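Chemist:
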Amino acid sequence: MAEKTVGILTGGGDCPGLNAVIRAAVRRGITTHGYRFKGILKGWKGMMECDWEPLGLEEISGILPKGGTILGTSRTNPFKEEDGGEIVADNMKRMKLDALIAIGGEDTLGVANKLTAMEVPTVGVPKTIDNDLSGTDYTFGFDTAVNIVTEAIDRIHTTAESHNRVMVIEVMGRHSGWIALHAGLAGGADMILIPEQKYTVEEVVGTIRKRHARGKDFSIVVVAEGAQLLSDKGSDDEYVISEGGLDDFGHVKLGGIGQLVADTVEKGTGFETRVTVLGHLQRGGTPTAFDRVLGTRFGIAAIDLVQAGDYGKMVSLQGNAIVAIPLSVAVEELKVVDQEFYDLAKVFFG
Ligand code: F6P
């Protein structure tokens, strides 16, 4: 069988472990299957503009522990343009690609799914610190983000205790509370606010008051950026926190709920309160061992799907097994935190 030329791209927000996937796919593809690779630059933008560079054993050497992506990324959505899908399909031919591996979250894989319907031979790899993709137990990047946030909570704990303050920590996660819940549990947070739940001012203030009433004079509150606070009457009068408009895929750029919660707590309890927004710290730097291994397993599974000609699939982790599922299933709906898991965390509130 003639050797294949495979394009690889990374799209959406960067995340630790992307380079592990690239390295594994290229290494396996070259040494086992005799493939050639083209690194598509800046996600779907590179596919729209035929922007690529050669990707060989030299280029992947030493990248395993590096954060970010050696291919660059963007939030470009080809389908925002009327004939964007056709442009990508044509450019596949122009760049002489036999297959494309798209590494990304719901947006990047949503594009891959639409291209599959146009018979573009595509395989997806799930990436996001948010861990909100259906069909996979974990995405790589999540474990690193949770560890960064956990360490931040530990550090903030000691200063909270020294100053008798309430410390509010705003974390990423978009419309899911996975990062907040995992890191909040690991860091011993006294309250965790996530988008999947609704909270009244009274409830938040009451939880902190209850804790202080039993002799504790400091508290840690972890707030997911997508969480919402209802007015004290619990009506539909929700505060909407958004600071930067919409991205190319129509997502609201979130941020600001941490400050709102901090102001609310200080006003309602009289306790001095501070806020820390962890922001992009959660996405930067070297991946954990877990994310390096998961990324490596995903990269190898992705290139093996290409070898099998099994397109329109996404590699995923189910239990401890790597399996392939249809891209359409992966992008159907967001994976959000279930009530049972949240109830477990509530044991430690207040
Ligand atoms: O999806 C990953 C993520 O880090 C979200 O948690 C966050 O809302 C968003 O990306 C931030 O995007 P940007 O890097 O464009 O500011």
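Each step along the sequence shown adds one to the number in the working numbering, with nothing skipped, and position 348 is 1440.
We treat Cβ as the ideally placed atom computed from N, Cα and C, and that holds for glycine.
Nothing here was measured: the structure is a model prediction, and the numbers come from that model.
#1: With a threshold of 7 angstroms (Cβ to nearest heavy atom), would residue 1137 be considered close to the ligand F6P?
#2: Kindly indicate which three-state DSSP category residue 1219 falls into: helix, strand or coil?
#3: Would you say the beta carbon of residue 1345 comes nearer than 7 angstroms to a heavy atom of the ligand F6P?
#4: Shortest alpha-carbon distance to residue 1232 belongs to which of 1110, 1405, 1365 and 1394?
#5: Do residue 1166 and residue 1135 have their beta-carbon atoms positioned less than 8 angstroms apart in this structure?
#6: Among 1266, 1301, 1392 and 1415, whose alpha-carbon lies nearest the alpha-carbon of residue 1283?
#7: Less than 7 angstroms between the CB of residue 1262 and some heavy atom of the ligand F6P, yes or no?
#8: Can you look up residue 1266 in the DSSP assignment and give me helix, strand or coil?
#9: Measuring CA to CA, which of 1441, 1103 and 1427 is closest to residue 1077?
#10: Classify residue 1290 as helix, strand or coil using the three-state DSSP reduction.
#11: For residue 1397, does the count of other Cβ atoms within 10 angstroms reach 16, so buried, or fall short, so exposed?
#12: Less than 8 angstroms between the beta carbons of residue 1098 and residue 1193, yes or no?
#13: Given a cut-off of 8 angstroms, decide if residue 1147 and residue 1113 are closer than it, judged by their beta-carbon atoms.
#14: Using only alpha-carbon positions, find the residue among 1210, 1268, 1274 and 1224 that is nearest to residue 1240.
#15: Can you tell which of 1440, 1306, 1210 and 1227 has the C-alpha that lies nearest to the C-alpha of residue 1409?
#16: Candidates 1337, 1406, 1320 and 1415: which alpha carbon is nearest residue 1213's?
#17: Over what stretch of residues does the alpha helix (DSSP H) that includes residue 1208 continue unbroken?
#18: Unbroken beta strand (DSSP E) runs of length 3 or more, entirely within the segment 1395-1423: which are they?
Modeler: Reading off the structure:
#1: Outside the cutoff, so no.
#2: Assignment of residue 1219 by DSSP, reduced to helix, strand and coil, places it in the strand class.
#3: Correct: residue 1345 has its Cβ closer than 7 angstroms to the ligand F6P.
#4: Comparing C-alpha distances from residue 1232 to each of 1110, 1405, 1365 and 1394 shows the shortest one belongs to 1110.
#5: With respect to the 8 angstroms criterion, residue 1135 and residue 1166 are classified as neighbours on the basis of their beta carbons.
#6: Of the candidates 1266, 1301, 1392 and 1415, the one whose C-alpha sits nearest the C-alpha of residue 1283 is 1301.
#7: Because no heavy atom of the ligand F6P lies under 7 angstroms away, the Cβ of residue 1262 does not count as near it: no.
#8: Correct three-state label for residue 1266: coil.
#9: Because the chain spans 1093 through 1442 in this model, residue 1077 falls outside it and cannot be assessed.
#10: Strand, per DSSP.
#11: The residue in question, residue 1397, is buried, as its Cβ has 16 or more Cβ neighbours within 10 Å.
#12: A contact, by the Cβ cut-off of 8 angstroms.
#13: In this structure, the beta-carbon distance from residue 1113 to residue 1147 does not fall below 8 angstroms.
#14: Distances from the CA of residue 1240 to each of 1210, 1268, 1274 and 1224 were compared; the closest alpha carbon is that of 1274.
#15: Taking only the C-alpha atoms, the option nearest residue 1409 is 1227.
#16: Of the candidates 1337, 1406, 1320 and 1415, the one whose C-alpha sits nearest the C-alpha of residue 1213 is 1406.
#17: Unbroken alpha helix (DSSP H) run through residue 1208: 1198-1209.
#18: Those beta strand (DSSP E) runs which fall completely within the segment 1395-1423 and span 3+ residues are 1405-1410 and 1413-1418.
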